[in-house]
Amino acid sequence: MTATYPQVLLKNRKPDRITTLSEYREAGGYEALRRVLTEMDRQEVKTRLADALLLGRGGAGFPAGIKVSTVAEDAPFPRYLVCNADEMEPGTFKDRVFLHAEPHMLIEGMALAAYSIRASHGIIFIRPEYESAAKILEREIGIARGEGLLGERILGSDYDFEIVVHRSGGRYICGEVTAQLNALQGRRPNPKQPPPYATDKGLWGLPTLANNVETLACIPHIVKNGAQWFKDLALTPEAAGTKLFCVSGKVNRPGCYELPLGIKLSEIIETCCGGMKDGATFKACLPGGASTGYLTADHYHIEMDFDSLKKARNRLGTGAVMVFDHHCCMVAATLNLTEFFARESCGWCTPCREGFPYLRDLLWRIENGQGEAGFIPMIKTMCRHLWKSYCAFAPGGVASIESLLMNFEDEVMAHIEGKGCPFKK
Amino acid sequence: MPTLKIDNREINVPAGTKVIEAAERLGIMIPRFCFHPALGSVGACRVCAVAFTEGPVKGIQMSCMIDAQDGMVVSTTDAEAVDFRRHVIEFLMLNHPHDCPVCDEGGHCLLQDLTVAGGHGLRRYRGLKRTHINQDLGPLVQHEMNRCIQCYRCSRYYQEFTGYRDLGVMGIGSRVYFGRSAPGMLESPFAGNLIDICPTGVYTDKPSRYIGRRWDYQRQPSLCIHCSLGCNLTASARYRQVVRHEARPNLEVNGHFICDRGRYGYAYASIADRPRQAMAAGTPGPIVDILAGAREAIQQTVEKHGPGSVAVVVSPRSSLETLAVVKEACGQHGWTGPAAAHTNRQALNRNTAVSCLRPELAVSLAADTEAHDVLVIGADPLNEAPMLALSLRQVQRRGGHVIVIDPRGVQLPFDFDHWAVHPSAMGAILQALIQEIGGHRATAPDTPATFDITKLARRLNASPRPVVVCGTDILTPHEIALAGDLARALRRTHKVAGLFYTLAGANAFAAALLHDQPVSTEAVLDRIEDGGVRLLVAVEQDLWREFPDRKRLQAALKRLDHLVVLDYVDSPLNREAGHFIPTQPLYESGGHWINQEGRLQAASPVMAGGEPIEITGGSDHPPRVFDRRIPGDEPLAAWRAVAALAGEDEADPAPQLKTALADFHPAVNLSTPEATGQRIDLEAIAHDLVESGPAPEPAEDDAPADAVVLLLVDWTFGTEPLSAMAPALTRMEAAPVARLHPDEIARLGLAEGRPVTVSLNGNRLTVPVQADPRMAAGVMAVPRHHLLEWQVFGETRVIVKRSQLKAESE
Amino acid sequence: MLPEKLKSELTAQIARVDHPREMAIDVINALQDHYGYFSDEALAQAADLLGMSPLELDELATFYTFIYREPVGKHVIHVCDSLICWMEGDENLVAHLCDRLGIQMGGTTADGLFTLLPVCCIGYCDRAPAILVDRQVHGPLTIDALDRLIDTLRENHS
Amino acid sequence: MSENKIKTDEKPLKPAESSGWSALKALVEGFATTAKHLARKPVTESYPEFKRQLPERSRARIVLTRDPDGRERCVACYLCSAVCPVSCISMQSAEQPDGRRYARWFRINFGRCIYCGLCEEACPTSAIQLTPDFENIQRDILTLVFEKKDLLVDGCGKDPSYNFYEHAGVTTDERGKGEHANEAPPVNVKSNLP
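And the structure:
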């Protein structure tokens, strides 16, 4: 089933253990690092990354090649590389699956990315729920160091690079890079609007490159196989590479699947996940975690890549596909998501801090039979205003509410007119 | 210099100006909560949203976060922006309590203003209101967390601006809480500014809690006279009582803030035991008669013993008007004085500082913050002139460096280098430093290796903008002059190098201009003791509290034929005096003061005076019948009283004042209104005083090896006599202790926590010992605390032999 | 009181990093493990170790989900209440747990064994409904499986 | 010019109306009306023999009312004194031991009051109210200066239910944080709940 798709990141995935260092090396691991340190030029790594059109896999989809090259050549030292393993987006668990499968691929990816910007300190910022992954990483980092793959004079070169694992105290906002940098410095993890950019003045005022686990894990393969190879992995011409999709909800086989970008949503659900659970009908899905909008049955055959979803006025996000069936109340689902955003708002800016509890209150009233028709324009205006909050948290948070009103206004009206949730009757 | 268009009006602003500030220059007040000129922009509250219609930035953006750029077209009245701002206000009001009627911020509340202005009038939110438990933050600041709109101004001010770390923000999301980890007294002596910067009523003024509304207050620009910095403030009075001080922004002096000593020190003007009645030998009488009596006593003394037998002492806290009239009177009549310092050393210290302060060297408190490296010599900013510490904090925040050379355990709310140097070594270090700065290799004085003079000199030489800050309390005139030389030496190697002295007394600078040769109370007492002076006029100078040898003072006063006291504070001398004339504090008289950098500033009278209604009404309703006169309105401006004592009978003193001010000193020109707020003409001050002045005090080198230098020093709270009368501040005071280095305590056979008695010249002072590892060896610092009878040694810097110290068992 | 060993370990760890503040969460976690929760005493000690003020640490401690400023039971049960677990019926689990343990969300059982807390998506949506017990994941859970889990935890203590 | 002519509703007189007949008719009608009323009972009542009940909202003597629970309503917020166009209200606010703000003294000079009712309108606690009692005439002007004891009445006046401290959110001896109308329990910032 999944074998029909090219596997890159999860190629050597074992059912219940990680790929050991020797297994990883046998499969060609650390080859890219060796080649870069001995044969290739630092600039070449950057060029390949840029040519490969690798887009950040953490949710924002920012081109990784551009990010790397924003670290100025003459920027001060030491420089930092931060690996964002703080996968807090609801519905997303790809990094967990990956870290429990291929820790060395991440270590190699980090070493390559760090080398390209001459960073000497690598930090893996990991959420507390993934304590087992943190332990694995610490152990494998030690092993890699013992093999000369990390630490001083890596593989006999003059390049030094250390990785430490930093455990978070656990908050969604820590996934936002500027908030994460604050957290790493023992400050309150409020986001910080640039300028200065992290690549200019990040950790302790020094250049810092921050990337998602999956993004970094792609780097060894791009370096090794070239940009064109990576681009060819995707099914649509604009996209490049494979993507770890986490499918959950009302499907028969929820899980994390490595699939080429551009694969159709219907194919993911039907081929990979064995179709809808209990023969239910597909009603909608969130294509990329809690901060994306609903995709309805109209988009059942949409090509899952960054551009196609952008055209559908949605986002690929983290690639966490959460599937709803026709028994699911979309108002209640949105209320659940809004509750999440109300709870996780960091409290820095007004619209987000006060807006989500307000929206939650209105949605709760609609769901529980106290709704009024006047709420709908209120919610719409409020969502529009939440776009003007400080960071990307609130725009992500209102995505589900906005798409609820756009795609399921009938269902909302049914709640209001019927004074209660039609699904509970 | 970008040019942009805001609401169809073009404006040109310096690069780096935020759009919100650019609009302000046009008189367009964009709403704001989190933005504050002293704290900068953080974009948290989102209420300053405006529409950018054309140019490099487009759409609805926060005007505090965007730098003004060429070609920008901004609309503050754009429908979407207005609607968004109204929504932000609605968001902020969701949980705001319904307590404006009982909120002290009501009437000058930014949230109230913007809610009304934004048009949000009806509550739509049906959820419950969030509530919070308040914290007791000490006697100065009242906490009401329910009112918070989470603008983060308080935590940013408290932690980033002042450098204190006990108030901040806890929690997450809509439950964020601004306060301390546990309830308790705020540690920062600048905490009162929270009241000013909070845009609503979370932090309100506790001492003036529930006293009234701002619209009912008489409010006037005034000055702080609790140290020499001359911070600007707005004084409020109501029902003949000063009720509140607020910081008055002056970007050249105190910026936007004041310290808590200045904010709460006003109570002396309205307390119940303020003397308001003229007295003859303790018996109240009409002020006209008492004035006449005093005049007659002066005339008789002059007739009997000559004009020199009348001496005047005046206070460095008195207004320029008072100093001028006193100077004129002494000059005209040949009276002795006026003395405006206690001891010869203090007088000489002050005058040395003033004469060293050349116009090209003088920097203001605000300019201090722009320094790159600050060398603080013999000054304890937080205790002597608190706002200086806040100024130095900004130096450190901007990446600058502060080095303090002082024997005391100086503490500042930021990282700095402290050289705890014995007082006797200060001069040598300064001399060596001057030599090194001049490029000469200096012979290192006998100091610990950590005090690397060469390195310091190199650092100062490399600094693009070094400033020398020098105190005048514990040093000798010689060292004060050396600080000036140091600044001059730096000046030679730099384009900009500054010199900043702190002085003793709000108007000490003007007091220094009274004479070419300083006169001290000490010298006047000498003349009393030898019979030369038979009548003493003490003008707003509470000798009882402030002269450092009470026994000698009392003996000298006994020798006098007559004592005339003019003052607004209660003192035993008032009743002992042959004639006592009550005077007005600055809230009633107004006046001019010259701060330590030579800036001439004015305070307006805030109220007419008279006994507060609180007192006349006995805390109940005021009398139902009007009197012809306001009760307790006898006090006169001190200059009027002096003019009445010295001038012609029944004469209008106004012309006398005018002449006195004109003749006061060529450096001080009050003839144009523009002169106020500016620095006086420092060029016109004689700069040769240092060389021609009396020789420095005998060196302490010949002191026995086992001696300690006892310094009587200032503390932030409890030592400044006027503010020490404020009930709110007495709770802020620490109990007086003698601070010594722990090794010194052991060496002297003392015990931490136990009292020590110092006996000197038959005088004794007993005070508990406290260890302070930051103190220099061989030094003991005791505060001039109002709870301590410290007025025993005749000087505030004395050498005490080991045999003169006795550890008390209890 | 903090054992000397732990204290010296932490001091050494802090000494190794360039900025003591970056160790804040690690130190908080270590003290929380020792005391069971991040008590006021632990707060004061952490502040001491890190050279931070108690307030500065409280600013962090009150922010994060997995730092407990209030006492908790021996086992902390975090029930995921985010979208997928909610869809798979976490509300029933919560109701059952509250009923079985006789506590409300946020409460601790009288015997001090369990504390029940909600948590946002824990990244085990493929195993929904999932819970964390002492940071160990359990899922997908049925009410029976949950009962067995609670029984096992109880038995381990009796 | 014609545009500027002031328009009136007056119709031009017809020739017949301007005749002597019409004048006579008006005269007779007028006298008839007068004659009719001569015989009627007068509508005026003699004051003070007869005292009419004034409508509840008549604006006369000002009182300070109490909460339904009998406590003083006035919180001495100064809004009435601020709005008073003749400055006849003065007071001093202070704090009760339980945290309530109240008027330590409160004075209205009725010699100056113009009974405009703005104070009542401004009052956020329904404390100050105007009553229909207009008989407030004194020979000695000083007796028109009312102190709090003269102003304070028992009862709630026109607003029988409002209790400011039920809503205010400030802690008193009766209600703590979170115990007022429409309030959630106080936030515990150190709570383990997320």
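Chains as they are written, first to last, in this note's numbering: chain A, 68 to 492; chain B, 4 to 813; chain C, 17 to 174; chain D, 214 to 407. Glycine included, C-beta positions come from ideal geometry on N, C-alpha and C.
In angstroms with no decimal places, state the Cα-to-Cα distance between B/R320 and B/L485.
26 Å
C/G131 and C/I159 closer than 8 Å at C-beta
Reading the sequence as shown, one finds Thr at residue 131 of chain C and not Gly. No, they are not a contact pair.
I'd like the span of the alpha helix (DSSP H) that includes B/C359, first residue to last.
N347 to C359
How do the stretch 84-96 of chain B and the stretch 417-435 of chain A stand: do at least 3 beta-carbon pairs fall below 8 Å, yes or no?
A contact exists between the stretch 84-96 of chain B and the stretch 417-435 of chain A.
So with CB distances below 8 Å, who are the chain B contacts of A/E421?
F94, L95, L97, N98 and S177
Where the stretch 124-140 of chain C meets chain D: residues whose CB sits under 8 Å from a CB there
For the stretch 124-140 of chain C, the set of positions with a beta-carbon nearer than 8 Å to some beta-carbon of chain D reads T131, L133, P134, V135 and C136 in chain order.
Between A/G487 and A/F460, what straight-line distance do the alpha-carbon atoms span, to the nearest angstrom?
30 Å
Against chain B, does D/H250 count as a neighbour if the rule is that its beta carbon must be under 8 Å from one of theirs?
no
Measuring only between beta-carbons, confirm whether B/L725 sits less than 8 Å from chain C.
Chain C, which has no Cβ nearer than 8 Å to the Cβ of B/L725, makes this no.
As assigned by DSSP and simplified to three states, the class of B/H668
It is coil, neither helix nor strand.
Drop a sphere of 10 angstroms on the beta-carbon of B/E798, count the other beta-carbons inside from all chains shown, and report buried for 16 or more, exposed for fewer.
buried
Contacts around B/A382, its chain only, beta-carbon distance under 7 Å, and the 5 residues preceding and following it disregarded:
D409, V472, C473, G474 and T505
Give me, in chain order, the residues of the same chain whose beta-carbon lies closer than 8 Å to that of B/E57; leave out the 5 immediate sequence neighbours on both sides.
G74, M75 and V76
Min CB distance C/E72 to chain D below 8 Å:
no
I'd like the ranges of any alpha helix (DSSP H) spanning at least 4 consecutive residues and lying wholly in the stretch 356-437 of chain A.
Assignment of alpha helix (DSSP H) within the stretch 356-437 of chain A, counting only whole runs of 4 or more residues, yields 373-378, 397-411 and 417-434 in chain order.
Contacts that B/L131 makes with chain D (C-beta to C-beta distance below 7 Å):
N395, E396 and A397
Span separating the alpha-carbon of B/W793 from that of B/A641
Cα to Cα, the separation comes out at about 28 Å.
Pull up the CB-CB distance for A/H167 and A/L88, whole angstroms please, since I reckon it's below 8 Å.
A/H167 to A/L88, Cβ: 15 Å. No contact.
With a CB to CB cut of under 7 Å and the five nearest residues on each side skipped, what residues in its chain are close to B/N137?
H146, E147 and M148
Per DSSP, C/Q152 forms a beta bridge with which residues?
C/V149
Determine the direct distance from the alpha carbon of A/G158 to that of B/R168, and round the result to whole angstroms.
39 Å
Give me whichever residues DSSP pairs with C/K23 in a beta bridge.
Beta-bridge pairing links C/K23 to no other residue.
Note down the Cα distance separating B/A819 from B/Q64, rounded to an integer number of angstroms.
Coverage of chain B is limited to positions 4 through 813, which leaves residue 819 of chain B absent and any answer about it impossible.
How long is the line joining the alpha carbons of C/P70 and B/H111, rounded to whole angstroms?
Rounded to the nearest whole angstrom, the C-alpha separation of C/P70 and B/H111 is 34 Å.
Between which two residues does the beta strand (DSSP E) carrying B/M783 extend?
Following the DSSP letters along the chain, one finds B/M783 inside the beta strand (DSSP E) bounded by residues V782 to P786.
Every unbroken alpha helix (DSSP H) inside the stretch 77-106 of chain C [4 residues or more]
99-103
Taking DSSP as the reference, what is the three-state secondary structure of A/I85?
In this structure, A/I85 counts as coil in the three-state DSSP scheme.
When you compare only the Cα positions, how much space is there between B/I23 and B/F55?
12 Å
List the residues of chain D whose Cβ lies closer than 7 Å to the Cβ of B/H101, in chain order.
Listed along chain D are H380, A381 and G382, each with a C-beta nearer than 7 Å to that of B/H101.
Let me know the secondary structure DSSP gives A/L283 once reduced to three states.
Looking at A/L283 - three-state DSSP - the assignment turns out to be helix.
DSSP beta-bridge partners of B/H595:
Partner residues in the beta bridge of B/H595, as assigned by DSSP, are B/A605.
Could you check if A/Y484 is buried or exposed, using at least 16 other CB atoms within 10 Å of its CB as the buried criterion?
First, the amino acid is wrong: residue 484 of chain A is Glu here, not Tyr. With fewer than 16 Cβ atoms within 10 Å of its Cβ, A/E484 is classed as exposed.
For B/Y590 and B/R631, I'd like the C-alpha separation in whole angstroms.
23 Å
Fully enclosed by the stretch 356-404 of chain D, which alpha helix (DSSP H) runs are 4 residues long or longer?
361-364 and 377-380
Under 8 Å from the C-beta of C/R37: neighbouring residues of chain E:
Here chain E cannot be found, since the structure's protein chains are A, B, C and D.
What does A/A400 reach in chain C if we use C-beta pairs closer than 9 Å?
Close partners of A/A400 in chain C (Cβ separation under 9 Å): L99, W102 and M103.
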